[in-house]
DNA sequence: TACATTTTGAGAATGATTCTCAATATTTTC
DNA sequence: GAAAATATTGAGAATCATTCTCAAAATGTA
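Protein chains in written order, with the numbering used here: chain A, 19 to 168; chain W, 19 to 168.
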């Protein structure tokens with residue numbers, strides 16, 4: 019059993035919830051993805067092999083995975099909520115290219131120190147952060163520069 | 019004429035758009051608020067004096083204000099998009115209390131330097147950032163501590 | 001003032017998310 | 001291991017924020 023499964027099983031039993039086939043399928047799909055997932059994408063992934071899983075159940079399961087500390091809701095994108103892994107991942111910074119929509123992840127180690135410090139000054143107890151930086155990725159910046167010069 | 023009005027008028031004329039009574043009402047409502055506003059709140063503010071303004075028009079106007087550099091979409095909260103002033107405001111960090119929902123704003127001056135530096139390392143051109151920190155505000159932390167001790 | 005162009009209000013349409021409920025699966029009890 | 005107790009599920013309906021449609025009204029321009 020994978021570590022994330024153990025964690026989920028523990029969370030479920032601690033809360034008198036049941037480990038079902040469907041929940042297991044959803045968990046696996048979530049951890050099969052790398053970057054960010056939205057519910058609809060998960061639904062399509064799962065539907066391929068298991069056409070009987072309902073969209074509603076996926077919506078219902080996401081908060082459980084969040085509560086279990088496995089994923090978090092990190093980003094709203096194309097009018098949909100997106101989730102990303104928390105379990106086994108350091109928190110990080112998202113760079114969102116305004117031109118092509120690409121998402122780049124960079125380390126947030128220094129940031130976290132900075133924030134703990136900064137929030138303490140305001141008697142605020144730091145739990146987590148979400149930082150999205152908008153701008154232009156390398157490729158798009160070059161492409162746009164070329165356009166302007168013409 | 020207020021500075022933000024000037025900016026809006028300029029934006030409109032640069033884009034062959036018209037300055038209408040309704041747009042002016044919306045602009046004023048937006049700048050009458052301090053913290054963050056969602057469209058529904060604006061709608062209710064405006065409706066009090068001008069019952070003929072339509073919700074749809076407010077939705078249509080928000081992107082114009084964003085484009086004009088007056089506001090930005092900063093936060094999703096209670097399933098609604100929230101906007102905040104950009105014009106005349108330094109960018110800042112949001113501290114969101116997970117218990118009471120209060121939003122505290124703290125300065126992001128140092129952060130901005132840090133991010134410009136950090137993104138440059140990845141050949142990414144920094145434009146803007148949104149940083150939301152979740153945690154517990156002073157009051158809630160104390161209240162919760164008390165509960166635990168009991 | 002009249003024309004060309006934008007904008008508007010109202011309500012319909014859309015799309016993500018949540019809810020309802022009867023049928024089904026899981027765990028627990030004996 | 002079967003039955004009882006409880007939790008979960010799929011399907012579709014309901015909700016709610018946001019967007020679209022379109023005929024009527026407002027605006028800027030000539």
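The C-beta atom is built at its ideal place from N, Cα and C for all residues, glycine as well.
Spanning the alpha carbons of residue 78 of chain W and residue 66 of chain W requires a straight line of approximately 20 Å.
The region 102–115 of chain W makes contact with the region 20–38 of chain W, as at least three CB pairs between them are under 8 Å. Bounds of any alpha helix (DSSP H) do not take in residue 115 of chain W; it lies within the beta strand (DSSP E) bounded by 110–115.
Neighbours of residue 156 of chain A across chain W, judged by C-beta separation under 9 Å: 140, 141, 142 and 143. For residue 157 of chain W, the three-state secondary structure derived from DSSP is helix.
Linking residue 38 of chain W to residue 51 of chain W through their CA atoms gives a straight-line distance of about 21 Å. Contact between the region 143–160 of chain W and the region 112–120 of chain W is present: three or more C-beta pairs spanning the two stretches fall below 8 Å. Nearest CB-CB separation between residue 149 of chain W and chain A: below the 8 Å threshold.
Boundaries around residue 31 of chain W are those of the alpha helix (DSSP H), 21–32, since no beta strand (DSSP E) includes it. Within its own chain, the residues whose Cβ lies closer than 8 Å to the Cβ of residue 89 of chain W, once the five positions on either side in sequence are excluded, are 48, 80, 83, 101, 102, 103, 104 and 105, listed in chain order. Residues of the same chain with a CB within less than 6 Å of the CB of residue 75 of chain A, apart from the 5 flanking positions on each side, are 40 in chain order. Nearest neighbour of residue 57 of chain W by Cα position, chosen from W/85, W/97 and W/140, turns out to be W/97. A check of alpha carbon separations from residue 93 of chain W across W/85, W/31, W/86 and W/110 identifies W/110 as the nearest. Of the candidates W/124, W/128, W/147 and W/131, the residue whose Cα lies closest to the Cα of residue 91 of chain W is W/147. In this structure, DSSP gives residue 96 of chain A a state outside helix and strand, which the three-state scheme calls coil. When DSSP states are grouped into helix, strand and coil, residue 148 of chain W belongs to the strand group. Annotated as proximal: residue 153 of chain W and residue 144 of chain A, with beta-carbon spacing under 8 Å. Counting along the chain, residue 72 of chain A sits inside no beta strand (DSSP E), nor does DSSP assign it H or E at all. Residue 102 of chain W is bridged by DSSP to W/90. Apart from the 5 residues on each side of it in sequence, residue 126 of chain W sits with its Cβ closer than 8 Å to the Cβ of 108, 109, 110, 111, 147 and 149 in its chain, given in chain order.
Taking a C-beta distance under 8 Å as the contact criterion, residue 140 of chain A and residue 113 of chain W qualify as a contact pair.
Under the DSSP definition of a beta bridge, residue 143 of chain W partners with A/154.
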